[in-house]
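**Q**
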Amino acid sequence: MSQETRLKLLEGALRTVREQGIAKASARAIATTAGVNQALVFYHFGSVDELLAESCRHGARQRVERYRERLAEVSTLGELLAFGREMHQEERDHGSVAALAQLLAGAQTQPRLGPATAAGLDLWITEIETVLVRVLADSPLGEFADPAGLARAVSASFVGLELYEGVDPEGAERALDALERLAELATVLDGLGPLSRRAVRHRIQRHTAG
């Protein structure tokens, strides 16, 4: 029963943040959403901040697990971005990225939320980095790209697009289109013959050195 109550509170916290925003995620609001007594927030988590922090980790674990097998099947940058577009739609409908964005915003004024929110985002970053290491391994871009940094940029963009889409849906769509065109360029590079690939590597090396 104790674990069931904790789960209700974790899910209730996420739903409250998604539907009402971080500013209205009080103990009373969360308990009402969860359908439990308000005192149980403090009994199980000690404070609202601790509940919100744990709910962030809980939600991220759930969503990452949902996509892990599908991410493991991605073999090109193009496939990764196509999947990202599909996932963006699904996560937007679910509201999980909106909740993460709210928690990131809350961490600016509630420092205790920072580490947990970063940990939740890191779960996504780890999965994306694993894919990038794999798909860039044989690409001319592989030896120059930083998969760890790129994974963070992709994850940050994913959250940013969720917020941007709320005020400019057309602009967010154009941003996704631009990313897909970059993936097409990477596909062209991957399809070059050995001599052309060496030439590309040489030009990139010269540019990087300069």
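Using the working numbering, read the sequence shown as starting at 2 and increasing by one per residue. Built from N, CA and C at the ideal position, the CB exists for glycine as well.
How many Å lie between ALA14 and VAL189 at the Cα?
**A** Walking along the sequence shown from the start, residue 14 turns up at place 13. Walking along the sequence shown from the start, residue 189 turns up at place 188. Each residue's alpha carbon lies about 46 Å from the other.
**Q** Report the three-state DSSP secondary structure of GLU1 (helix, strand or coil).
**A** Nothing about residue 1 can be reported from this structure: the residues present for the chain run from 2 to 211 only.
**Q** With a threshold of 8 Å, are at least 3 pairs of Cβ atoms found where one atom belongs to the segment 79–99 and the other to the segment 111–126?
**A** In short, these stretches do not touch, since the Cβ pair count stays below three.
**Q** Helix, strand or coil, according to DSSP, for LEU52 in the structure here?
**A** The residue given as residue 52 occupies position 51 in the sequence shown. LEU52 falls in the helix class under three-state DSSP.
**Q** Is the CB-CB distance between LEU41 and THR17 below 7 Å?
**A** To locate residue 41, count along the sequence shown from 1; it is residue 40. To locate residue 17, count along the sequence shown from 1; it is residue 16. Contact flag unset, no.
**Q** Does the segment 118–126 come within contact of the segment 153–167, defined as at least 3 CB pairs closer than 8 Å?
**A** Segments in contact, yes.
**Q** Would the beta-carbon of SER27 fall within 7 Å of that of GLY60?
**A** Start at 1 with the first residue of the sequence shown, and residue 27 comes out as number 26. Start at 1 with the first residue of the sequence shown, and residue 60 comes out as number 59. Cβ distance not < 7 Å, so SER27 and GLY60 don't count as in contact.
**Q** Work out the CA separation of LEU104 and LEU53 for me, nearest whole Å.
**A** By one-based count along the sequence shown, residue 53 stands at place 52. By one-based count along the sequence shown, residue 104 stands at place 103. If you take the alpha carbons of LEU53 and LEU104, they lie about 8 Å apart.
**Q** I'd like the ranges of any beta strand (DSSP E) spanning at least 3 consecutive residues and lying wholly in the segment 120–144.
**A** Listed in chain order, there is nothing to give.
**Q** Starting from the Cα of SER48, find the closest Cα among THR34, LEU10, GLU66, ARG71 and give me that residue.
**A** The residue you call residue 48 lines up with position 47 of the sequence shown. Of the listed residues, the one whose Cα sits closest to SER48 is LEU10.
**Q** I'd like the span of the alpha helix (DSSP H) that includes GLY107, first residue to last.
**A** Residue mapping note: residue 107 aligns to position 106 of the sequence shown, counting from 1. Start and end: 97–108.
**Q** By the DSSP assignment, the alpha helix (DSSP H) with VAL160 in it spans what residues?
**A** By 1-based counting over the sequence shown, the position of residue 160 is 159. Element bounds for VAL160: 148–168.
**Q** Decide if the segment 20–35 is in contact with the segment 61–69; the criterion is three or more beta carbon pairs, one per stretch, under 8 Å apart.
**A** Verdict: no, contact absent.
**Q** Whose CA, out of SER56, GLU12, PHE46, lies closest to the CA of GLY36?
**A** Here residue 36 corresponds to residue number 35 of the sequence shown, with the count starting at 1. Among SER56, GLU12, PHE46, the Cα nearest to that of GLY36 belongs to GLU12.
**Q** Around the Cβ of ALA138, are there at least 16 other Cβ atoms within 10 angstroms (buried) or fewer (exposed)?
**A** Against the sequence shown, residue 138 aligns to sequence position 137. ALA138 comes out exposed.
**Q** How many Å lie between HIS45 and SER56 at the Cα?
**A** As a position in the sequence shown, residue 45 is number 44, starting the count at 1. As a position in the sequence shown, residue 56 is number 55, starting the count at 1. About 12 Å.
**Q** Can you look up GLN111 in the DSSP assignment and give me helix, strand or coil?
**A** Looking up residue 111 in the sequence shown gives position 110. Here GLN111 sits in coil by DSSP.
**Q** Where does ARG19 land, buried or exposed, given buried means 16+ other C-beta within 10 angstroms?
**A** Within the sequence shown, numbered from 1, the residue matching residue 19 stands at position 18. Buried: at least 16 other Cβ atoms inside 10 Å.
**Q** Quick check on the DSSP output: the alpha helix (DSSP H) that includes GLY13 runs from which residue to which?
**A** For the purposes of this step, residue 13 is taken as residue 12 along the sequence shown, with counting starting at 1. Its alpha helix (DSSP H) spans residues 3–21.
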